[in-house]
Every structure is written in structure tokens, then in C-alpha cells.
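Enquirer: Protein chains in written order, with the numbering used here: chain A, -1 to 142; chain B, 76 to 260. Glycine is no exception: its CB is placed at the ideal position from the N, C-alpha and C atoms. My questions all concern the structure below.
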């Protein structure tokens, strides 16, 4: 279903095909319904999905269902942004951050605690900020 | 788990209306901030009543003072409209090529949505942004509501890198984007 005002065409672009109409300043506006706040949510959502699907092949829109968002296939990132691309081949890569030797040595030993696997230990009420779990486990083993 | 919404008029379930506008930057200047804040102040539906760079300091709104502060000091303007239709909003004061204007209308009756939509449409006509979305946040949102709102909180940097987040209840596009949509992969 296309809103009544969407019947006026502005060209042959993808946006037009999904119901966009021209604005006085040369842009386009697209309203899923004439009064989208008045229609049932199910209808609004169904129309939103349908229009997004129709416009997907244009590559104009990004996919924001993922984190970070997936870039639209035809989107050229705007210039002047902070660099985020990986360094090109041959360029010097920054060194990986080093962790303290004590931490590194605890890997693959019982001293190393993976993730939050701390069953049987009650840390409630304890300020653990700035303390690594390995140190807590190591300390508790020493005391027992 | 919240129950599925009944299939009835949408407006009574709408808690907030979001208007998100992406304008060309940079906006870290007194002139750019003045243009945006004056446009906001010139319409009865979007005119702020209070504003400052500090979200704890709701000083009476003055586009001159706020633009001068935002253009020269650290921080971006935050502003409020304390009378109907109430909203709070913010404008990026940023050296980036894209800046975001966010208006979040809340605490309104179902009949207030049309005037809000009209006010945002007039603001769009004045600022001619690159991309604008107007969408809703529903009371007790379920998964479909969340999916419908996906991308609504997009920030300027994400927009710049990843493209606009899609089509919402109302969406506006600038000519460059319209032309871009005509390309074929």
C-alpha cells in the first residue's frame, strides 16, 4: 500500500519506487502511511520491513541489526573521519599491548581464571576494582 | 514477558517520538550553531525554552548565547522544551563532516503527534539535512517494536561510516542520497 501523496513520481530512483515523493528543496520524503501514528503497529512494521527489503538492493542503507553496523554496499564513507581502516600491506603495525609477565605466566595453569568461572567463591561486598581474578584466586589458595 | 500489542490505534501506545536529523558539518562554529538553533527556535513546535552545554543547567534558551558557547567551548548544546509538546534534544557541535540533531518528544497526548510531525517537517525544510528519520518508541516494547526501532539511535560517526539506517515511519532524504540510491551494484 502506497500513501496517496506517493503517487507523484520524482524520477526512477529506488526511493521513488518505494513511495518517496519530492520536496520543495529537491530532496525526497517517504512516509510509510499518511498518518503512521494512527495505524496499528503491525501494519506499520510490516510496511517498514517491506520498504526496507525493496530498497536493500540499492545498497543505500546500512544494516544496523549488527554491532558494529554493516556498511551499505553502495555507501562510500564520508571523508574527514577518524581513521579506522586496518593498515595497508607493508605499513608498520603498532605493537600489541604487553601484559605483565606474571599474568602471561599464569596462562594454561590453574592460576588462570577463564571468564567469570569463579564458582564457589563469594565476591559480594568485595571491592574488586583494580584487582585481577588471578590474584584473588592465588591469594585464597595461599590462605587455605 | 510483555504481551503482544493489540491491533488497534497505534498512537495510544506511543511513548515517545524521535526525530533524528543528520546535517552537513562541521558544526563546531558559532555560525553553524546559530543556523541550527535559530531554525529550531523559529517554529512553535520545535522552539526550545531552555538550553545549555550542561545537562544539569537548564538556563533560559538563547540561541545567541548557546551558539556562542557551543562554537567556542567544549561540549554540545542540550536543550529542552518545557511546554507542550515537551521534548529534550541535542545538537552535535563537532568538527566532523556530519552532525546529528536529536529531538525526543515525550509526555504528550495522541493528538499532539501530528503537530510534532508538522513541526519536524518544517524544520527539515529549513535545514535540508542529508537524512532525517521520525519514528516512535512504544510503551512496553516487545521484540518487534525493538526491531522497528533498530538504528533509530544512530550517531553521526556510525551514519558516516555505515550509511543511513533505513526507512522509518517518516524519512527524508537529501538529493545526493536520492541520486546515490539510483546506482546499481
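At which residues does the alpha helix (DSSP H) containing residue 100 of chain A begin and terminate?
Expert: Counting along the chain, the alpha helix (DSSP H) containing residue 100 of chain A begins and ends at 99 to 103.
Enquirer: For residue 157 of chain B, does the count of other Cβ atoms within 10 angstroms reach 16, so buried, or fall short, so exposed?
Expert: So residue 157 of chain B ends up on the exposed side.
Enquirer: So within the segment 108 to 147 of chain B, which uninterrupted beta strand (DSSP E) runs reach at least 3 residues, ignoring any that extend past its ends?
Expert: Those beta strand (DSSP E) runs which fall completely within the segment 108 to 147 of chain B and span 3+ residues are 125 to 127.
Enquirer: Looking only at its own chain, which residues have a Cβ that is under 8 Å from the Cβ of residue 67 of chain A, when we skip the five neighbours before and after it?
Expert: Only 60, 61 meet the Cβ criterion.
Enquirer: Just how far apart, CA to CA, sit residue 35 of chain A and residue 188 of chain B?
Expert: Between residue 35 of chain A and residue 188 of chain B, the C-alpha separation is close to 7 Å.
Enquirer: Spell out a yes or no on whether the segment 113 to 132 of chain B and the segment 211 to 218 of chain B are touching, meaning 3 or more CB-CB pairs, one atom from each, closer than 8 Å.
Expert: Taking 8 Å as the limit for Cβ pairs, the verdict is that the segment 211 to 218 of chain B does not touch the segment 113 to 132 of chain B.
Enquirer: What residue range does the beta strand (DSSP E) around residue 213 of chain B cover?
Expert: Element bounds for residue 213 of chain B: 206 to 213.
Enquirer: Would you say residue 104 of chain B faces chain A, with C-beta separation under 7 Å as the test?
Expert: Not an interface residue.
Enquirer: Among B:124, B:97, B:121, B:141, which residue has its Cα nearest to the Cα of residue 106 of chain B?
Expert: It is B:141.
Enquirer: Looking at the secondary structure, which residues open and close the beta strand (DSSP E) in which residue 181 of chain B lies?
Expert: It spans 173 to 181 - the beta strand (DSSP E) in which residue 181 of chain B sits, taken as one unbroken run.
Enquirer: Relative to the C-alpha of residue 103 of chain B, which candidate in B:135, B:230, B:169 has its C-alpha closest?
Expert: Closest by alpha carbon: B:169.
Enquirer: With a CB to CB cut of under 8 Å and the five nearest residues on each side skipped, what residues in its chain are close to residue 82 of chain A?
Expert: Any reading at residue 82 of chain A must be qualified, since the residue scores a pLDDT of 48, below 50, and its modelled position is unreliable; no value is offered.
Enquirer: Counting beta carbon pairs with one atom in the segment 172 to 186 of chain B and one in the segment 230 to 244 of chain B, are three or more of them shorter than 8 Å?
Expert: Contact between the segment 230 to 244 of chain B and the segment 172 to 186 of chain B is present, because at least three Cβ pairs lie under 8 Å.
Enquirer: What residue does the beta strand (DSSP E) around residue 94 of chain B start on, and which one ends it?
Expert: It spans 89 to 99 - the beta strand (DSSP E) in which residue 94 of chain B sits, taken as one unbroken run.
Enquirer: Closer than 9 Å, Cβ to any Cβ of chain A: which residues of the segment 230 to 247 of chain B, in chain order?
Expert: From the segment 230 to 247 of chain B, only 232, 233, 234, 235, 236, 237, 238, 239, 240, 241, 242, 243, 244, 245, 246, 247 have a Cβ closer than 9 Å to chain A.
Enquirer: Can you list, in chain order, the residues of its chain whose CB lies under 7 Å from that of residue 241 of chain B, leaving out five sequence neighbours each side?
Expert: Cβ neighbours of residue 241 of chain B beyond the five flanking positions: 226.
Enquirer: Work out the CA separation of residue 73 of chain A and residue 12 of chain A for me, nearest whole Å.
Expert: Approximately 14 Å between the Cα atoms of the pair.
Enquirer: Is it buried or exposed for residue 144 of chain B, if we count other Cβ within 10 angstroms and need 16 for buried?
Expert: Buried.
Enquirer: Using 7 Å as the limit for Cβ to Cβ distance, is residue 17 of chain B near chain A?
Expert: The shown model of chain B, from 76 to 260, leaves out residue 17 of chain B, and the question about it has no answer.
Enquirer: Would you mind working out which of B:250, B:91, B:181, B:95 sits nearest residue 165 of chain B, comparing C-alpha positions?
Expert: If we check each option's Cα against that of residue 165 of chain B, B:95 comes out closest.
Enquirer: Given that residue 188 of chain B touches chain A, what residues does it touch there, using C-beta distances under 8 Å?
Expert: Going along chain A in sequence order, the residues near residue 188 of chain B (Cβ under 8 Å) are 35.
Enquirer: Of all Cβ atoms in chain D, is any one closer than 7 Å to the Cβ of residue 226 of chain B?
Expert: The chain labelled as chain D is not found among the protein chains of the depicted structure, namely A and B.
Enquirer: Is it buried or exposed, residue 220 of chain B, if we count other Cβ atoms within 10 angstroms and call 16 or more buried?
Expert: Answer is buried; the Cβ neighbour count reaches 16.
Enquirer: Could you check the C-alpha separation between residue 109 of chain B and residue 192 of chain B for me, to the nearest Å?
Expert: Whole-angstrom Cα-Cα distance: 23 Å.
Enquirer: Who are the near neighbours of residue 183 of chain B in its chain, counting only those whose CB is closer than 8 Å to its CB and skipping five residues on each side?
Expert: Excluding positions up to five away in sequence, the list reads 92, 159, 160, 161, 191.
Enquirer: When the Cα atoms are used, what is the spatial distance from residue 58 of chain A to residue 99 of chain A?
Expert: Those two C-alpha atoms are separated by around 48 Å.
Enquirer: Residues of the segment 41 to 52 of chain A in Cβ contact with chain B at a cutoff of 7 Å, in chain order, please.
Expert: For the segment 41 to 52 of chain A, which is checked against every Cβ of chain B, the residues closer than 7 Å are 42, 43, 46, 49, 50.
Enquirer: Verify the contact flag: residue 89 of chain B, CB atom, against every heavy atom of the ligand FAD, threshold strictly below 6 Å.
Expert: This structure does not include the ligand FAD; it has no bound ligands of any sort.
Enquirer: Have a look at residue 222 of chain B and residue 245 of chain B and give me their C-alpha separation to the nearest angstrom.
Expert: If you take the alpha carbons of residue 222 of chain B and residue 245 of chain B, they lie about 16 Å apart.
Enquirer: Can you tell me which of the three DSSP states residue 188 of chain B falls into?
Expert: Helix.
Enquirer: Around the Cβ of residue 98 of chain B, are there at least 16 other Cβ atoms within 10 angstroms (buried) or fewer (exposed)?
Expert: Classification for residue 98 of chain B: buried.
Enquirer: Which partner residues of residue 246 of chain B appear in the DSSP bridge assignment?
Expert: DSSP lists A:28, B:208 as partners of residue 246 of chain B.
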